[in-house]
Every structure is written in structure tokens, then in C-alpha cells.
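Trainee: Structure in C-alpha cells, see below.
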Amino acid sequence: MTPNRLGLVAAVVVAALLAGWGLFTALPRWFGTRQQAAAAAEAAAPGDRAERKIKARLFYVSDDGRSLVPVERDVTYAEDTARQARAIVEAQLVPADPPLVSAIPPGTILRAVFVAGTDAYVDLSGELVTGHPGGSMHEQLTVDTIVSALTANLPKIASVQLLVDGKELDTLAGHVSLSRPLVPNDAIRQPSAESTP
Amino acid sequence: LTRLRQSLCALALSTLAAAGLARVVPLAGQTPAPQLVLLTADGRRPIPAFAIDGQDRVALDELATVFQLAVRDEAGAITVSSAGRTAVLTPNQALASVSGRLISLPAPPVRVGTRWFVPLDFIGRVLPLLTNSPIELRRPSRLVIAGNLRVPRVTIRPEPSAASLRITIDATPQAASTITQETGRLTVRFEADALDVTIPGVQPGPFLQALRQLDQTALALDLGPRFATYRAATLPAGSTTRLVLDLLPGQIETSAAPPGTPAGTPVPPGATPTTDPSAAPSDPPRISEELPVFGQPLSPIRTVVIDPGHGGDDAGVRASNGTLEKDLTLAVAQRLKGMLESRLGIRVLLTREEDRTMPVEQRTALANNNKANLFISLHANGSPRTVARGASIYVAAFNPADEPRQRSGERVPVFGGGARDIELVLWDLAQTRYLSDSTDFAAMLEQELRVRIPLDVRPVAPARFRVLASANMPAVLIEMGYLTNADDQNLLAGAGFQNDFVQAVFTGVVRFRDHLTATAGDR
């Protein structure tokens with residue numbers, strides 16, 4: 119083997135080693151760093167959004183027990199309507215501090231919210247029925263608390279249908295028809311907004 | 034024969050004229066008698082009467098004024114003319130000749146001063162022939178009825194017993210009547226132009242203080258301290274309508290209350306009395322089983338369905354004093370059923386007769402399947418705030434989005450070819466075509482309830498209630514009060530409230546029936 123040929127073979131071997139290092143070591147390291155940075159950025163973003171709030175009107179029973187009055191509260195911001203609807207309903211289900219009185223039976227939890235067009239479907243737990251004390255006025259207030267909370271805060275939502283444990287119900291307590299999405303009941307909603315800090 | 038009569042009459046007249054025997058009674062012989070009352074389509078007016086020569090009489094000139102008669106006193110004979118007909122009266126003769134026909138009278142005409150007086154029977158026997166129009170004299174009641182007026186004779190017979198007072202009221206010819214209860218009084222109003230009534234003497238008693246004629250077509254029964262409720266039944270008996278009215282005592286609260294209930298406290302619905310079954314809130318009057326009841330065949334309300342809300346596993350609202358909505362609604366529904374059946378003679382169905390679970394849609398279906406003319410759902414309310422109280426009436430409401438689907442059409446083939454359009458009414462929107470009637474009924478109920486029981490601040494309201502939406506007839510849901518309110522829960526359980534409530538709804542149904550009848554032509 120001539121010295122020239124020996125030098126050529128050595129150069130090829132070195133080039134092959136460099137290519138292998140680059141392919142199997144340098145490139146994955148470089149790409150992994152990018153992925154980690156992106157993942158970190160992704161991880162940081164929800165934390166930023168969790169801090170963002172909107173002012174939403176939640177609904178509680180009036181002093182005379184015959185209507186609902188709006189009360190302004192901070193509610194977690196969400197980018198899409200379904201997530202925002204979920205945040206509002208969850209805020210509405212939080213037990214009310216006196217002197218506010220909620221028409222929602224205690225213990226009721228939100229199972230799911232989904233939106234189809236201008237209709238929102240709110241799936242609540244069975245406590246909504248089993249814990250309801252009855253009476254058509256109380257029942258109207260209960261239903262309209264959820265309906266009003268969504269339609270008053272989300273312009274894209276025009277009507278709301280309540281589901282319980284994933285199923286459609288005739289009524290909650292024997293009166294209000296739940297077989298179709300409902301629009302707000304003006305008869306039991308007081309127009310004047312009461313704002314609390 | 035006619036010629037013979039005319040000859041006899043002429044002979045008599047000529048004889049009297051010749052003899053100049055026209056009788057003149059001194060003024061001192063004229064004494065006032067109970068006056069007559071003339072009833073016409075225009076109203077009533079008195080006609081003075083006098084007792085002369087042992088006979089009740091009326092002045093001929095007075096009758097001439099009232100009935101537009103022409104009276105002439107000629108040659109000892111008196112001629113009375115009207116519309117081309119003439120009656121001739123002969124002094125000293127108890128006769129009158131009308132167009133050649135001789136009519137006997139109980140006494141001859143007499144003259145007092147310048148006036149002629151004829152016996153009262155002249156009115157009933159001579160005037161109808163003379164004027165060729167119906168004129169009736171009812172001597173016992175001293176009524177003179179001119180024209181085709183409905184003036185039934187009404188007789189009243191009280192039959193006291195130890196536990197109640199039965200009053201039998203006969204109206205002849207047949208006349209329907211309605212009964213309304215006001216504070217301390219029952220009013221029986223007849224479908225008539227006037228009443229020919231004889232009021233019997235009634236000693237003030239524990240159930241009835243007095244019996245009197247309230248106005249031209251109504252009787253008033255002033256109630257005594259033991260009266261609490263009543264039941265009534267009507268039945269035709271030949272040409273007579275007989276109304277049997279039982280005035281009943283209130284329940285004996287200490288005995289009707291369950292053990293441990295303090296005396297004088299309201300009795301919870303469902304309590305079984307031990308001494309007086311007729312007064313128990315859970316045992317409504319069942320007069321329909323005792324007496325046959327006949328309704329008005331043309332009534333627009335022939336079947337009413339009453340829906341006692343909740344039942345069985347579904348207790349509805351539970352009051353803090355133990356009253357359950359399901360028991361209260363059933364007790365009141367049974368009372369209302371008894372009253373509607375006994376007083377109106379109509380068919381009344383309850384969606385449940387006992388404490389059992391019944392789905393909402395089956396309640397409305399029962400009304401639809403029985404072709405009810407009216408649907409009344411009874412409930413008691415509840416609110417998260419205990420301050421809310423009072424009764425309210427709901428009519429159906431629908432989502433605006435439902436309006437386009439309220440009615441739809443479909444083309445169906447017909448025999449012989451072609452097709453026709455039929456209107457389909459969706460089951461869950463059947464009430465939409467009756468909303469106007471339902472609202473009218475609710476307004477009448479509000480007026481009747483307002484004067485008897487506390488009302489909610491918004492007594493009539495629309496609501497998206499399942500039980501109303503599918504009703505294929507006028508329908509309302511009544512919340513009797515709030516069981517979450519301390520005052521209301523005590524009130525609703527009491528017999529007094531339930532009586533007042535049922536009376537108000539009954540009167541509302543009667544008013545609505547009359548409203549439907551009056552507007553039937555506009556539909």
C-alpha cells in the first residue's frame with residue numbers, strides 16, 4: 119500500500135467516525151435540548167393561564183326567595199367556550215357563603231360540559247336530584263341557576279340542557295321539563311346586577 | 034151557542050142599564066190589601082190592591098195604565114178594550130164577556146167613588162184573552178207575570194237533625210241553580226228571571242240563622258256557628274228541580290287529630306276522624322253515591338281531571354311540621370272532586386286515588402285519554418328562603434325555539450285519489466292551542482282565591498312545567514302555598530283553609546264554564 123493510498127483510507131475512516139458521532143450523538147443531543155425547552159415552555163404556559171381570571175355573573179336566590187340575583191365573581195379564564203363553561207359551572211357549584219343562598223343542592227358536582235352550536239349540555243351528579251328539597255319554585259331556581267350562569271356569561275350559549283349522571287331527565291323534582299335545552303326564565307331573574315368585590 | 038151567549042149578555046146589560054143598579058160602595062169600605070207585583074221583561078212594579086166587600090180587588094184604571102187598556106163606563110156597562118178586542122163587565126154580575134166568550138169571576142165589579150174595582154182573578158182570566166198575551170196571576174205570592182218569563186215557584190223545606198240540617202229546595206218548573214259560599218252565608222242563585230218563593234219561618238239554629246230572599250233570583254242562607262261545610266245535589270223530579278242541601282258541622286278537631294296532637298291545632302291532611310266522617314278532610318262528601326246527580330248536558334265542562342301532585346316515593350316538599358306535599362295534594366284533590374261532582378254533576382277523575390308513585394307524563398296522558406275539558410294540577414310550593422309564602426297559579430310556557438315546531442302539516446292520501454293536508458300537534462306541545470283559555474281560567478282562579486286565601490306576590494305566572502305542556506285541554510297548576518313557610522304550612526294543613534281553597538277553585542270552574550258557554554260562538 120502506497121503512502122497516498124494509506125492517507126486516503128485514514129481520511130475516509132475519520133470522516134465515517136465524524137459522521138457517526140454527529141448522527142448518533144450530537145444531533146440527538148441538540149434535538150433533545152430543543153424538545154426539553156419546548157416542553158418547559160409548554161409546562162410554564164398553563165401556569166400562566168391559571169392565574170388569568172374573568173369577571174363572571176353567578177346566580178343566587180333573592181331575599182324574597184322567588185328569583186335569582188346576579189353576583190359578580192372571579193372565574194378562571196379558558197380559551198374555548200366549553201372549558202370556560204366548565205369553569206363557570208364549577209364556580210357556581212361552590213357552596214355559597216352567607217348571606218348568599220344557592221338553589222343548587224349541596225354535594226352536586228360537575229361531571230362534564232360540552233357545547234353543540236349554541237346549546238350547552240351540563241352533566242351533573244345525582245345529588246342534584248337526590249338532594250333536592252322539592253317545590254316548583256325551588257326547582258325553577260335550581261334549573262335557572264345553571265342556565266343563567268352560562269347564558270349570561272357566554273354570548274355563544276343561548277340555551278342549556280341539564281343531564282344527571284349522563285342521562286336526560288324528565289324533571290328534577292316533578293315540575294320543570296328538562297327534555298330540551300332551556301333558555302333563561304325571565305320570570306325568575308332579577309335584571310338588576312348586584313356586584314360584590 | 035155564541036149567538037145565545039151574545040143575546041144573554043146583551044139582555045143582561047140592557048136589564049142593568051134599565052134598572053140602574055150599578056153598585057156603588059162607600060169609600061169607607063175600601064181597605065188596602067197586600068199589593069201585587071207585576072213582573073215584566075223590563076222589570077217589576079207594584080200594583081196596589083184593596084180589600085173591598087170581602088174580596089181582594091184591583092182598580093180597573095190602574096190595570097188600564099199598566100196594560101194600556103181603554104176603559105169606558107157606558108150605560109151601566111163597562112167596556113175594556115185592547116188591540117181590537119173588547120171585554121164587557123156587568124155590574125152586579127160575576128161575569129165578563131170577551132169577544133162573545135163568558136168568563137166567570139169570583140165577584141162582580143164594584144165602584145168606589147169614581148173608580149171601578151175588579152177581583153184579582155180578572156187579571157189572570159180576562160186579561161190574557163183581551164190582550165192576547167201571556168199574563169199569569171200567582172195569587173199566593175201576589176205576582177203578576179206578563180210575558181214569557183222564567184219565574185219558578187220555589188218551596189223550601191228545612192229538616193233539622195242532630196248532626197246536620199237538610200234543606201230541600203224545589204223549583205217548579207225546572208230551574209238550575211248554583212251555590213256560592215261567602216263569609217257567613219250561602220247563596221243559592223237560580224237561572225231564572227225572578228223567583229216565586231215562599232220563605233218558611235226558620236228558628237235561628239246552630240246551622241242556620243235565617244233564610245231570606247237575597248234578590249230577584251237568589252236565596253240567602255245566613256249560617257250559624259256550627260256550620261263548617263255543606264254538600265248539595267240536584268235532581269229533576271217531574272217538572273221540578275230538587276236541590277238537597279246539607280249543612281254540616283266542622284270536624285271535631287280533638288278527635289280527628291292523631292294522638293298527641295294538641296286540641297285546636299290544624300288537623301294534618303290524611304288524618305282519619307273517629308266521630309264525624311262527613312267532616313274529615315280526607316273523606317270528602319260523597320253525595321254522588323247517595324243521590325243521583327244530573328249535570329247540564331250542554332256544559333262545555335263535562336270531565337275534569339284533578340292531579341294531586343307527587344305521591345309514593347316522591348313525597349314532594351316536606352314541611353318542618355311533618356306535612357308532606359303528596360298527602361296535602363291528595364286530601365285537597367279529594368275534597369275538590371267531591372264538590373265538583375256533587376254540585377255540578379260532572380265527571381271528575383283523579384290522576385291518583387291513593388299514595389302511589391306516578392310519572393308526570395302519565396298524569397297528563399290520563400287527562401288526554403279521558404278527553405277531559407279541564408286539567409288542574411295541585412301542588413304545594415317550596416323555596417330556599419322561608420319568607421316566601423302564598424298561593425300561585427301557573428300556566429304552561431314554552432321555549433321560543435319550540436314555536437316553529439308547535440304545529441306541522443303532513444299530506445296524506447285519501448280514498449279516490451289525491452291527498453289532503455292534516456295538522457299534526459306534537460304531543461309535548463299540545464297545550465299551546467289552549468294557552469289563551471288556560472290563562473283566562475288562571476285569571477278567574479286568581480280572583481276567587483284572592484278573597485279567600487293569601488296569594489303569592491306574583492299569583493299568575495308562566496312556567497315550563499312538564500305536566501302542563503302535553504295537556505290537550507285548558508290546564509293550570511296551582512301551588513296552594515309554601516310548605517317551607519311556617520305560617521303557610523300551618524294554614525294549608527287546616528280544614529278551614531282547604532274548604533276556602535276548594536270553594537274558590539269550584540267557583541272558578543263555574544265561572545270558566547260560563548265563560549266558555551258565553552264565548553262558544555266565537556270559537
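Sequences listed follow chains A and B, in order.
Under this note's numbering, residues 119 to 315 are what the first sequence spells out, in order.
Under this note's numbering, residues 34 to 556 are what the second sequence spells out, in order.
Virtual Cβ for every residue (Gly too), placed ideally from N, Cα, C.
Determine whether the beta carbon atoms of R229/A and S220/A lie at a separation below 8 Å.
Mentor: Here residue 229/A refers to the residue found at position 111 of the first sequence. Here residue 220/A refers to the residue found at position 102 of the first sequence. Contact: no.
Trainee: Taking a contact to mean a Cβ-Cβ separation below 8 Å, would you say V393/B touches R499/B in this structure?
Mentor: Locating residue 393/B in the second sequence gives position 360, counting from the first residue. Locating residue 499/B in the second sequence gives position 466, counting from the first residue. Going by C-beta atoms, V393/B is nearer than 8 Å to R499/B.
Trainee: Could you tell me if K285/A is buried or exposed, where buried requires 16 or more neighbouring beta carbons within 10 angstroms of its beta carbon?
Mentor: As a first step, residue 285/A must be located in the first sequence, where it is residue number 167. The residue in question, K285/A, is exposed, as its Cβ has fewer than 16 Cβ neighbours within 10 Å.
Trainee: Say whether chain A places a C-beta atom closer than 8 Å to the C-beta of S416/B.
Mentor: Taking the first residue of the second sequence as position 1, residue 416/B is located at position 383. Closer than 8 Å to some Cβ of chain A, the Cβ of S416/B qualifies, so yes.
Trainee: By DSSP, does E224/B sit in helix, in strand, or in coil?
Mentor: For the purposes of this step, residue 224/B is taken as residue 191 along the second sequence, with counting starting at 1. Coil, per DSSP.
Trainee: Any beta carbon of chain A sitting closer than 8 Å to that of P492/B?
Mentor: Sequence index remark: in the second sequence, residue 492/B carries index 459 (1-based). Taking Cβ atoms only, chain A never reaches closer than 8 Å to P492/B, which makes this a no.
Trainee: Only counting the same chain, and skipping five residues up and downstream in sequence, which positions put a Cβ closer than 7 Å to that of A127/B?
Mentor: Taking the second sequence and counting its residues from 1, the one referred to as residue 127/B is at position 94. Closer than 7 Å at the Cβ level, and outside the excluded window around A127/B, lie S137, L138, P139, A140 and P141.
Trainee: Can you give me the C-alpha to C-alpha distance between T493/B and D154/B, rounded to a whole angstrom?
Mentor: Taking the first residue of the second sequence as position 1, residue 493/B is located at position 460. Taking the first residue of the second sequence as position 1, residue 154/B is located at position 121. For clarity, residue 493/B is Val in the given sequence; the question names Thr instead. If I take the Cα positions, the gap works out to 59 Å.
Trainee: Note down, in chain order, each residue of its chain lying with its Cβ closer than 6 Å to the Cβ of A227/B, except the 5 sequence neighbours on either side.
Mentor: As a first step, residue 227/B must be located in the second sequence, where it is residue number 194. The answer, listed in chain order, is L72, V184 and Q249.
Trainee: Compare the C-alpha of V187/A against each of Y195/A, T194/A and F177/A and name the closest.
Mentor: Walking along the first sequence from the start, residue 187/A turns up at place 69. Checked all of Y195/A, T194/A and F177/A; the closest Cα to V187/A is F177/A.
Trainee: Determine the chain A residues that contact P487/B at a beta-carbon separation under 9 Å, and present them in chain order.
Mentor: Your numbering for residue 487/B matches position 454 in the second sequence. Per Cβ cutoff of 9 Å: no residues; P487/B is ~14 Å from chain A at best.
Trainee: Output needed for N401/B: all residues of its chain with C-beta closer than 8 Å, excluding positions within five of it in sequence on either side, in chain order.
Mentor: Indexing the second sequence from 1 puts residue 401/B at position 368. Cβ within range, chain order: A463, S503, A504, N505 and M506.
Trainee: Alpha carbon to alpha carbon, how far is G217/B from V484/B?
Mentor: The residue given as residue 217/B occupies position 184 in the second sequence. The residue given as residue 484/B occupies position 451 in the second sequence. Spanning the two alpha carbons is a distance of roughly 14 Å.
Trainee: Within 8 Å (strictly less), CB to CB, does A74/B reach chain A?
Mentor: Taking the second sequence and counting its residues from 1, the one referred to as residue 74/B is at position 41. No, because no Cβ of chain A sits closer than 8 Å to the Cβ of A74/B.
Trainee: Which residues of the stretch 496-517 of chain B have a Cβ closer than 8 Å to any Cβ of chain A? Give them in chain order.
Mentor: Residues passing the 8 Å Cβ filter: A496, R497, F498, R499, V500, A502, L510, E512, Y515, L516 and T517.
Trainee: Below 8 Å on C-beta distance, what does S297/A contact in chain B?
Mentor: As a first step, residue 297/A must be located in the first sequence, where it is residue number 179. Per Cβ cutoff of 8 Å: D461 and R499.
Trainee: Between V247/A and chain B, is the shortest Cβ-Cβ distance under 8 Å, so that the two count as touching?
Mentor: Along the first sequence, one-based indexing puts residue 247/A at 129. Taking Cβ atoms only, chain B never reaches closer than 8 Å to V247/A, which makes this a no.
Trainee: Is the beta carbon of S174/B less than 8 Å from the beta carbon of D89/B?
Mentor: Counted from its first residue, the second sequence places residue 174/B at position 141. Counted from its first residue, the second sequence places residue 89/B at position 56. Cβ distance not < 8 Å, so S174/B and D89/B don't count as in contact.
Trainee: Short of 6 Å in beta carbon distance, which residues of its chain neighbour R275/B, apart from the five on each side in sequence? Order them along the chain.
Mentor: Residue 275/B sits at position 242 when you count from the first residue of the second sequence. Only D203 and L268 meet the Cβ criterion.
Trainee: Do you know how far the Cα of G157/B is from the Cα of R134/B?
Mentor: If you number the second sequence from 1, residue 134/B lands on position 101. If you number the second sequence from 1, residue 157/B lands on position 124. So the alpha carbons of these two residues sit roughly 15 Å apart.
Trainee: Would you mind sorting V542/B into buried or exposed? The rule is 16 or more other CB atoms within 10 Å of its CB.
Mentor: Translated into the one-based positions of the second sequence, residue 542/B becomes position 509. So V542/B ends up on the buried side.
Trainee: Under 8 Å, with one C-beta from each stretch per pair, do the stretch 377-392 of chain B and the stretch 468-478 of chain B reach the 3-pair mark?
Mentor: Output reads no: the stretch 468-478 of chain B does not touch the stretch 377-392 of chain B.
Trainee: Identify, in the order they occur along the chain, each residue of the same chain with its Cβ nearer than 7 Å to the Cβ of F530/B, setting aside the five sequence neighbours on each side.
Mentor: As a first step, residue 530/B is located in the second sequence; it is residue number 497 there, counting from the start. Excluding positions up to five away in sequence, the list reads I486 and L524.
Trainee: Counting only runs of 3+ residues fully inside the stretch 122-184 of chain B, write out the beta strand (DSSP E) ranges in chain order.
Mentor: Those beta strand (DSSP E) runs which fall completely within the stretch 122-184 of chain B and span 3+ residues are 128-131, 134-137, 143-145, 148-152, 168-171 and 176-179.
Trainee: Please identify the residue among S272/B, D279/B, V177/B and G146/B whose C-alpha is closest to the C-alpha of I212/B.
Mentor: Counting from 1 along the second sequence, the entry for residue 212/B is found at position 179. Residue D279/B is the option with its Cα nearest to I212/B.
Trainee: What distance in whole Å lies between the Cβ atoms of F408/B and A18/B, which are believed to be in contact at a cut-off of 8 Å?
Mentor: Summary: the structure shown does not reach residue 18/B, with chain B confined to residues 34 through 556, and so no result is reported for it.
Trainee: Among residues of its own chain, excluding the 5 on either side of P299/A, which ones have a beta-carbon nearer than 7 Å to its beta-carbon?
Mentor: Within the first sequence, numbered from 1, the residue matching residue 299/A stands at position 181. Excluding sequence neighbours, P299/A sits near D237, S277, V278 and Q279.
Trainee: Does the beta-carbon of G87/B have 16 or more other beta-carbons within 10 angstroms, so that it is buried, or is it exposed?
Mentor: Residue numbering aside, residue 87/B sits at position 54 when the second sequence is read from its first letter. It counts as exposed.
Trainee: Give me the DSSP bridge partner(s) of N414/B.
Mentor: Position 381 of the second sequence, counted from the first residue, corresponds to residue 414/B. Per DSSP, Y515/B.
Trainee: Are the C-beta of T289/A and some C-beta of chain B separated by less than 8 Å?
Mentor: As a position in the first sequence, residue 289/A is number 171, starting the count at 1. Yes - at least one Cβ of chain B is within 8 Å of the one on T289/A.
Trainee: For N303/A, is the classification buried or exposed, using 16 other Cβ atoms within 10 angstroms of its Cβ as the cut-off for buried?
Mentor: As a first step, residue 303/A is located in the first sequence; it is residue number 185 there, counting from the start. Looking at its Cβ environment, which holds 16 or more other Cβ atoms inside 10 Å, N303/A is buried.
Trainee: Can you tell me whether DSSP reads R190/B as helix, strand or coil?
Mentor: The residue labelled residue 190/B in the question sits at position 157 within the second sequence. In this structure, R190/B counts as strand in the three-state DSSP scheme.
Trainee: At least one CB of chain A closer than 8 Å to the CB of A421/B: is that the case?
Mentor: Here residue 421/B refers to the residue found at position 388 of the second sequence. Closer than 8 Å: yes.
Trainee: Sort out for me which residues DSSP pairs E107/B with in a bridge.
Mentor: Numbered from its first residue, the second sequence carries residue 107/B at position 74. Partner(s): A110/B.
Trainee: Return helix, strand or coil for A92/B, following the three-state DSSP convention.
Mentor: Within the second sequence, the letter at position 59 stands for residue 92/B. Strand at A92/B.
Trainee: Is the Cβ of G342/B closer than 8 Å to any Cβ of chain A?
Mentor: On the second sequence, position 309 is the one that residue 342/B refers to. Closer than 8 Å to some Cβ of chain A, the Cβ of G342/B qualifies, so yes.
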